[in-house]
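Per my numbering: the sequence shown = residues 24 to 385. Working notes for the structure below.
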Amino acid sequence: LSEEERRELVAAPADIGHEVMLCRFLRAHPASEVAALQAVQRHLAYRRKYAATISVARARLPPDMEDFAIDLLPQGAIVDHLKMLQLPGAAGTADGSPVSLLPLGHIELHEMAGISESEVLEWFIFSVEMRSLCLHNQSIREGRFVKVVEARDCHGFKWSKLFGSSALIRKLRAIVEIATLYPEFLGGLLLFNIDPGLLSVKLVKRFVPEQMRDKFVFADRGDWEAALAGGVGLSTGALSSWAAHIEGHSLAPGDGRWQQLTPSAPQLVRCIEVAAGQQLCWQVRCCAHGGRAIERSAIRVSMRLLADRRQHPAAAVEQLFAVAGDSEGAEVGSSLRLPASAAATPPPVLGSAVAPAAGAAL
Numbered sequence: 024l025s026e027e028e029r030r031e032l033v034a035a036p037a038d039i040g041h042e043v044m045l046c047r048f049l050r051a052h053p054a055s056e057v058a059a060l061q062a063v064q065r066h067l068a069y070r071r072k073y074a075a076t077i078s079v080a081r082a083r084l085p086p087d088m089e090d091f092a093i094d095l096l097p098q099g100a101i102v103d104h105l106k107m108l109q110l111p112g113a114a115g116t117a118d119g120s121p122v123s124l125l126p127l128g129h130i131e132l133h134e135m136a137g138i139s140e141s142e143v144l145e146w147f148i149f150s151v152e153m154r155s156l157c158l159h160n161q162s163i164r165e166g167r168f169v170k171v172v173e174a175r176d177c178h179g180f181k182w183s184k185l186f187g188s189s190a191l192i193r194k195l196r197a198i199v200e201i202a203t204l205y206p207e208f209l210g211g212l213l214l215f216n217i218d219p220g221l222l223s224v225k226l227v228k229r230f231v232p233e234q235m236r237d238k239f240v241f242a243d244r245g246d247w248e249a250a251l252a253g254g255v256g257l258s259t260g261a262l263s264s265w266a267a268h269i270e271g272h273s274l275a276p277g278d279g280r281w282q283q284l285t286p287s288a289p290q291l292v293r294c295i296e297v298a299a300g301q302q303l304c305w306q307v308r309c310c311a312h313g314g315r316a317i318e319r320s321a322i323r324v325s326m327r328l329l330a331d332r333r334q335h336p337a338a339a340v341e342q343l344f345a346v347a348g349d350s351e352g353a354e355v356g357s358s359l360r361l362p363a364s365a366a367a368t369p370p371p372v373l374g375s376a377v378a379p380a381a382g383a384a385l
């Protein structure tokens with residue numbers, strides 16, 4: 024580093040100039056210290072270019088913060104469109120990593136396309152500077168390299184709308200370019216609720232730097248075991264938080280009670296936490312919506328007991344029920360009692376309804 028670059032590094036926020044951050048650069052370039060040094064230089068050049076934005080961001084951030092705070096971000100319109108859910112390490116993955124979750128199917132892409140690139144970059148720079156501070160403080164407290172898991176709920180998401188918009192692609196590339204300047208922040212990218220057989224997954228990989236591709240996990244719709252597996256997978260608590268977050272966005276327009284199934288969004292999910300020996304009962308009522316009839320056996324309702332693999336390695340219970348939905352008000356119900364020998368930590372029970380036909384409401 025030149026003398027000027029050394030002074031910049033010393034004057035940078037504590038989490039940027041700390042040896043933990045420098046070790047992240049080394050880990051990102053294990054085969055070459057020269058490459059790691061060049062990456063540091065690129066990061067310093069980036070901080071010079073966006074010095075004004077970074078300065079404003081740092082003035083808003085409490086130096087001891089550890090949990091990502093959405094309310095501190097600028098560009099409220101972007102925050103509203105993304106409908107993001109931020110979970111701290113204690114409620115994130117099974118190994119204690121924080122999770123940043125976006126429900127892609129509920130994002131208004133046409134609204135995002137209309138936001139200027141400068142506004143998007145301001146929002147993202149604020150976000151990544153906050154993430155840097157949060158990861159640093161958690162890493163120091165826990166004595167390990169903490170990374171964030173980026174989770175994307177792909178249910179109902181139209182990939183063609185993303186790849187068909189040059190404005191969105193340009194903004195996405197700019198975001199990825201800045202993200203690579205903060206090495207080893209990403210613990211993994213979990214894409215779940217993917218429509219089985221989608222070719223768009225191959226296109227997604229093209230936008231990801233080669234050094235990040237081994238951190239991707241793809242889980243098809245309904246494959247909850249894959250969504251919870253490994254260090255990248257969600258914890259059972261995160262799964263419950265996600266289900267509660269999504270529920271309000273699935274309500275039928277103009278009706279605060281019913282959740283609507285459509286061909287593009289054919290799945291609804293509820294998740295509750297239960298304790299050992301507890302009995303739970305459920306009932307689902309399916310009705311026609313918008314004047315359309317429900318085809319017989321078009322609705323499948325399933326209840327599945329999911330448990331943290333580390334705490335409940337053998338727990339796996341699934342019961343399926345076919346709903347004959349040819350009449351108004353078709354209902355299904357049953358009950359399940361958890362074994363008293365189950366571990367004390369309550370696993371969540373996941374209930375989902377799947378309908379390939381349009382016009383069903385639950």
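Think of the CB as a built atom: it goes at the ideal place given N, C-alpha and C, for glycine as much as any other residue. From a predicted model like this one, the values you see are computed outputs, not experimental measurements.
Exercise. Could you tell me whether the region 35-49 touches the region 176-187, using the rule of 3 or more Cβ pairs below 8 Å?
Key: In short, these stretches do not touch, since the Cβ pair count stays below three.
Quiz item: What is the DSSP secondary structure of Gln64, counted as helix, strand or coil?
Solution: The three-state reading of DSSP puts Gln64 in helix, counting H, G and I together.
Quiz item: Do the region 54-72 and the region 126-135 meet, that is, are 3 or more Cβ pairs less than 8 Å apart?
Solution: With the cut-off at 8 Å, the region 54-72 and the region 126-135 do not touch.
Quiz item: Do you know how far the Cα of Trp146 is from the Cα of Gly99?
Solution: Distance between the alpha carbons of Gly99 and Trp146 is about 9 Å.
Quiz item: Do Ala74 and Phe149 have their C-beta atoms closer together than 7 Å?
Solution: Going by beta carbons, Ala74 and Phe149 fall outside the 7 Å limit.
Self-check item: Whole-angstrom distance between Leu214 and Leu221, CA atom to CA atom
Solution: Their backbone Cα atoms lie some 12 Å apart in a straight line.
Self-check item: Cys294, DSSP secondary structure in three states
Solution: Here Cys294 sits in strand by DSSP.
Exercise. Enumerate in chain order the residues of its own chain whose CB-to-CB distance from Asp38 is below 7 Å, with the five nearest sequence positions on each side excluded.
Key: Once the five neighbours on either side are set aside, the close Cβ partners of Asp38 are Met44, Ser155, Leu156 and His159.
Quiz item: If you run the structure through DSSP and keep just helix, strand and coil, what is Ile130?
Solution: Coil.
Quiz item: Under a three-way DSSP split, which group does Leu161 fall into?
Solution: A small fix is needed here, since residue 161 is Gln in this sequence, not Leu. Three-state result, Gln161: helix.
Quiz item: Which word fits Gln283, buried or exposed, when buried means at least 16 other C-beta atoms lie within 10 angstroms of its C-beta?
Solution: So Gln283 ends up on the buried side.
Quiz item: From Lys194 to Asp118, what distance separates their C-alpha atoms?
Solution: Between Lys194 and Asp118, the alpha-carbon positions lie close to 32 Å from each other.
Quiz item: Does the beta-carbon distance from Gly128 to Ala261 come in below 7 Å?
Solution: No. Outside cutoff.
Quiz prompt | Residues that DSSP places opposite Ile217 in a beta bridge | solution = Per DSSP, Asp243.
Self-check item: Cβ neighbour criterion (16 or more within 10 Å) applied to Asp94
Solution: That one is exposed.
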